[in-house]
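To convert a position in the sequence shown, counted from 1, into the numbering used here, add 13. For glycine and all other residues, C-beta sits at the position ideal for the given N, C-alpha and C. These notes are about the structure you will find just below.
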Amino acid sequence: MLTASQGFDAEAHQMNEKPAVAPTLKDLAEATGLSIPAISKVLNNRKGVSAANRALVVRAAEEIGYRGRGRRPGIGRLDAAVVVTLEHYFTNDVFYGDILDVVLDQARTEGLNIDLGIVPGASAGTPAAYPIQDDGDQRGIILVGVDNPAVVEMVAASGRPAVLLNGMDRYMRVSSVSPDYNFGGWRATQHLLELGHRDILHVSHIHRESLRQRLLGFRGALEEAGIAFDPARHFLDLGAPDMLTMSCWEMVAANLSRRSTVPTGIVCANDMSALGVMQAVASLGLSVPGDVSVIGFDGLALAAHATPPLTTMEIDRSDMARTAVRLLIDQAREGTATARRLALGVNIVERDSTAPPRT
């Protein structure tokens, strides 16, 4: 491995013919003897590399003509980023469609060139399918709705500025911007408790950390009210991510019909499943909110047009998207290696789907 005192032999290098293609990160690693993650930290102006090795990388990059993609080495300015999301979020999802639109708009405002990386749903669990592995790629990364542990591990190892938008790294290696889902789950449940409900069900499927946080908030609210959490009584697992939609109604109806008593209040993981729950309640000849109060989560525009209009926990998706872009740029500029986990506030929007239980 080269040291600062050994320096970089520019004359020896210049005796060789320049490659036909632009130098890559691997070329820079070979020239300096440093690891690719260490070089990435220097190029992204991040901490964790000695001053001597930082100077070595910058000098070697200039000598071999390395420029990377979207930035010059040693300059804490981010010019380009790749926004990575799943195909079904991009093509057919109201929640993420709004977020992606604002991310692109904010990036243009900030002068940031954006490439979209769309991952097919069938490959969502395959890290190799994500377009973030190019060793010579120095673009920032925004993962939208993706916090698969293996993918997050790959992003963390890259050393590139990165933000999880509506996701979370449990090990806090990668920065994230999300609604405060724990608080949201707690506040939604607390709303029903304040109305007088005691028999409350949570409908979800825990396949992501954000959904687990909602369940923890739900459970915390029950326990604060002196109600011991019983999974059989208080939690309905929909079984698959694609059931967090209106299509859950048949499963919910079947579950409710098997119970000796129907819960008087239901906290749903999102607005779309809440609409399915309302359909399930109606299919049993019951009314919302007369027999069952229902509260959703997300604050989608269509919630206001449901019958009855849906009470929901509203997320400011535009603010979340703008915050993620700014955080990515700030990280590149400041060169910080410390991950930041930003939890944005959520607000309850009370409508006609919740009311005190019948006495």
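So residue i and residue j are in contact, right, with Cβ under 8 Å, and what is the actual spacing, rounded?
| i | j | result |
| --- | --- | --- |
| serine 286 | valine 216 | 6 Å |
| valine 307 | threonine 277 | About 11 Å; that fails the 8 Å criterion. |
| phenylalanine 242 | leucine 249 | Wrong, their Cβ atoms sit about 13 Å apart, outside the cutoff. |
| arginine 72 | valine 55 | Their Cβ separation, rounded to whole angstroms, is 11 Å, which puts arginine 72 and valine 55 out of contact at 8 Å. |
| phenylalanine 231 | threonine 258 | About 20 Å separates the two Cβ atoms, so there is no contact after all. |
| phenylalanine 108 | leucine 313 | 7 Å |
| alanine 74 | leucine 41 | 6 Å |
| threonine 325 | aspartate 284 | 6 Å |
| aspartate 182 | alanine 352 | 7 Å |
Straight-line CA distance for residue i to residue j?
| i | j | result |
| --- | --- | --- |
| asparagine 105 | leucine 129 | 16 Å |
| alanine 295 | glycine 309 | 17 Å |
| leucine 206 | glutamate 327 | 19 Å |
| isoleucine 219 | glycine 78 | 48 Å |
| arginine 84 | valine 70 | Confidence in arginine 84 is poor, its pLDDT being 40 and thus under 50, which makes the residue's placement unreliable; the coordinate value appears in the next sentence. Going by the C-alpha atoms only, they are around 14 Å apart. |
| aspartate 111 | aspartate 332 | 11 Å |
| lysine 39 | threonine 122 | 33 Å |
| phenylalanine 21 | alanine 64 | Any reading at phenylalanine 21 must be qualified, since the residue scores a pLDDT of 39, below 50, and its modelled position is unreliable; no value is offered. |
| valine 275 | aspartate 343 | 50 Å |
| aspartate 374 | alanine 44 | Any question about residue 374 goes unanswered here, given that the chain covers just 14 to 372. |
| tyrosine 143 | serine 136 | 9 Å |
| leucine 125 | glycine 158 | 20 Å |
| glutamine 292 | tryptophan 262 | 6 Å |
| threonine 272 | glutamate 166 | One detail in the question is off: residue 272 reads as arginine in this sequence, not threonine. Taking the straight line joining both Cα atoms gives about 42 Å. |
| glutamine 226 | histidine 318 | 28 Å |
| arginine 246 | methionine 256 | 20 Å |
| aspartate 212 | valine 280 | 11 Å |
| alanine 25 | proline 140 | The predicted model places alanine 25 with a pLDDT of 40, which falls under 50 and marks its position as unreliable, so this point remains unresolved. |
| glycine 358 | leucine 47 | 42 Å |
| arginine 200 | glycine 233 | 10 Å |
| alanine 350 | proline 162 | 19 Å |
| valine 164 | methionine 264 | 32 Å |
| arginine 354 | glycine 198 | 18 Å |
| serine 366 | leucine 214 | 15 Å |
| leucine 113 | phenylalanine 103 | 8 Å |
| histidine 204 | glutamate 347 | 41 Å |
| alanine 356 | glutamate 76 | 43 Å |
Hey, would you say residue i sits closer than 7 Å to residue j, going by beta carbons?
| i | j | result |
| --- | --- | --- |
| glutamate 222 | aspartate 160 | yes |
| arginine 364 | leucine 315 | no |
| isoleucine 155 | leucine 178 | yes |
| glycine 138 | leucine 99 | no |
| isoleucine 52 | valine 96 | no |
| valine 377 | leucine 340 | Only positions 14 to 372 of the chain appear in the structure, and residue 377 is not among them; the question remains open. |
| valine 187 | valine 168 | yes |
| glycine 209 | proline 369 | yes |
| glycine 172 | proline 50 | yes |
| alanine 267 | leucine 297 | no |
| leucine 117 | alanine 345 | no |
| glutamine 119 | valine 338 | yes |
| leucine 224 | alanine 282 | yes |
How would you call residue i, buried or exposed, if buried means at least 16 neighbouring beta carbons within 10 angstroms?
| i | result |
| --- | --- |
| glycine 153 | buried |
| arginine 335 | buried |
| alanine 170 | exposed |
| proline 174 | buried |
| methionine 185 | exposed |
| proline 86 | Low local confidence applies: a pLDDT of 39 at proline 86 is under 50, so the model's placement there is unreliable, and no value is given. |
| serine 270 | exposed |
| proline 244 | exposed |
| threonine 372 | exposed |
Would a check of beta-carbon distances place residue i closer than 7 Å to chain D?
| i | result |
| --- | --- |
| glycine 197 | Included in the structure is just one protein chain, with no chain D present. |
### Message
At 3 residues or longer, what runs of the beta strand (DSSP E) sit wholly inside the stretch 124-171?
### Response
Taking only runs of at least 3 residues, the beta strand (DSSP E) segments lying wholly in the stretch 124-171 are 126-132, 153-157.
### Task
Entirely within the stretch 84-117 and at least 4 residues each: give me those alpha helix (DSSP H) ranges in chain order.
DSSP assignment within the stretch 84-117 yields the following whole alpha helix (DSSP H) runs of 4 residues or more, N-terminal first: 100-104.
### Task
Just list the alpha helix (DSSP H) runs in the stretch 252-295, keeping only unbroken ones of 4 residues or longer that don't cross its boundaries, in chain order.
Within the stretch 252-295, the runs of alpha helix (DSSP H) that reach at least 4 residues and sit entirely inside it are, in chain order, 262-271.
#### Entry: In chain order, each beta strand (DSSP E) run of at least 3 residues that lies wholly inside the stretch 195-224
Correct list: 213-217.
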